[in-house]
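Scroll down for the structure; my scribbles are underneath it.
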Amino acid sequence: MQKIIAQDLSFELYLPASDIQKRVQALGAAIRQQYENKNPIFIGVLNGAFLFTADLVRACQISCEVDFIKIASYAGTTSTNKMKKAIGLSKDIKQRHIILVEDIVDTGNTFSKLLPDLQVLEPASIAIATLLLKPEALQYPNLPIQFVGFEIPNKFVIGYGLDYNEVGRQLEGIYQLAE
Ligand code: 5GP
643 MQKIIAQDLS FELYLPASDI QKRVQALGAA IRQQYENKNP IFIGVLNGAF
693 LFTADLVRAC QISCEVDFIK IASYAGTTST NKMKKAIGLS KDIKQRHIIL
743 VEDIVDTGNT FSKLLPDLQV LEPASIAIAT LLLKPEALQY PNLPIQFVGF
793 EIPNKFVIGY GLDYNEVGRQ LEGIYQLAE
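Per the working numbering: the sequence shown = residues 643 to 821.
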């Protein structure tokens, strides 16, 4: 079992790079079927989705545009109470098909706050593509999560863009917190 020590925590290999790459190709094919000739805008959510976005847009092999946003959290005392706002969107998304690309959807709280901000910009459609989804943690079942790489247990993971205090983003596989 391949192990990674990140600061004070130990992680074990959970999804090898080859499994991720295979799944990303399959997601790309599914997106191609739905979005060919629609010239969608992929919007990656930084920082975690930078690798997934890069691999996914190449796997789709359709004409598209790519943008990135960052989520700024402010006010509130807990992570879920915090106001979340998307910053950095540089494109006009009116009447465009949008695919939001995320590394992981956990509670869904981030997207539940973000989607209304994007909907007022009147896109033609919004879909979410997430590499990882934690179904046990999800509190917003109505989010438009149309493309899921892997459903995983409610355990902390790093790698393939995901970090623990900025450690581990460069790893090609996904690593799960060891028991
Ligand atoms: P949500 O708003 O869906 O609860 O959380 C989404 C954000 O929480 C993700 O974009 C990510 O930044 C962080 N997150 C949730 N679960 C994990 C995890 O297992 N590992 C890491 N590194 N981040 C996580």
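Just so you know, even glycine gets a beta-carbon here, dropped at the ideal spot from N, CA and C.
* To do: Quick one: give me the first and last residue of the alpha helix (DSSP H) that residue 672 is part of.
  => Where residue 672 is concerned, the enclosing alpha helix (DSSP H) starts and stops at 659-677.
* To do: Within its chain, find whatever has a CB closer than 7 Å to the CB of residue 743; leave out the 5 residues flanking it on each side and keep chain order.
  => Around residue 743: 684, 685, 686, 687, 691, 694, 695, 698 and 771.
* Asked: For residue 689, is the beta carbon positioned less than 6 Å from some heavy atom of ligand 1?
  -> For ligand 1, not one heavy atom lies less than 6 Å from the Cβ of residue 689.
* Asked: Helix, strand or coil: which one does DSSP assign to residue 762?
  -> Look at residue 762 here: in three-state DSSP terms it is coil, with no helix or strand label.
* To do: With a cut-off of 8 Å on the beta carbons, I'd call residue 657 and residue 644 a contact; round off their distance for me.
  => Actually they do not touch by this definition, with Cβ atoms about 11 Å apart.
* To do: Over the uninterrupted beta strand (DSSP E) stretch that includes residue 728, give me the two end residues.
  => Residue range 725-729 is occupied by the beta strand (DSSP E) that includes residue 728.
* Through-space distance from residue 762 to residue 701, alpha-carbon basis -> The C-alpha of residue 762 is placed about 30 Å away from the C-alpha of residue 701.
* Taking just the CA atoms, how far does residue 709 sit from residue 735? -> In a straight line, the C-alpha of residue 735 is about 11 Å away from that of residue 709.
* **residue 741 vs residue 765 beta-carbon contact at 7 Å** => At the C-beta level, residue 741 and residue 765 stay beyond 7 Å of one another.
* Coarse secondary structure for residue 645, derived from DSSP in three states -> Strand, per DSSP.
* Where residue 798 falls: helix, strand or coil (DSSP) -> DSSP places residue 798 in coil when its eight states are reduced to three.
* Asked: Under three-state DSSP, which class holds residue 779?
  -> Of the three classes helix, strand and coil, the one that applies to residue 779 here is coil, per DSSP.
* Using three-state DSSP, classify residue 752 as helix, strand or coil. => Collapsing the DSSP output to three states places residue 752 in a helix.
* Are there three or more Cβ pairs, one per stretch, closer than 8 Å when the segment 750-757 is compared with the segment 776-787? -> In this structure the segment 750-757 lies against the segment 776-787, because at least three pairs of beta carbons, one per stretch, are closer than 8 Å.
* Going by the C-beta, is residue 750 closer than 6 Å to any heavy atom of ligand 1? -> Under cutoff, so the answer is yes.
* Same chain only: Cβ atoms within 8 Å of residue 703, ignoring 5 sequence neighbours per side -> Result list for residue 703: 670 and 674, in chain order.
* To do: Confirm the yes/no value for this check: CB of residue 809, any heavy atom of ligand 3, distance under 6 Å.
  => Ligands in the displayed structure: ligand 1; ligand 3 is not one of them.
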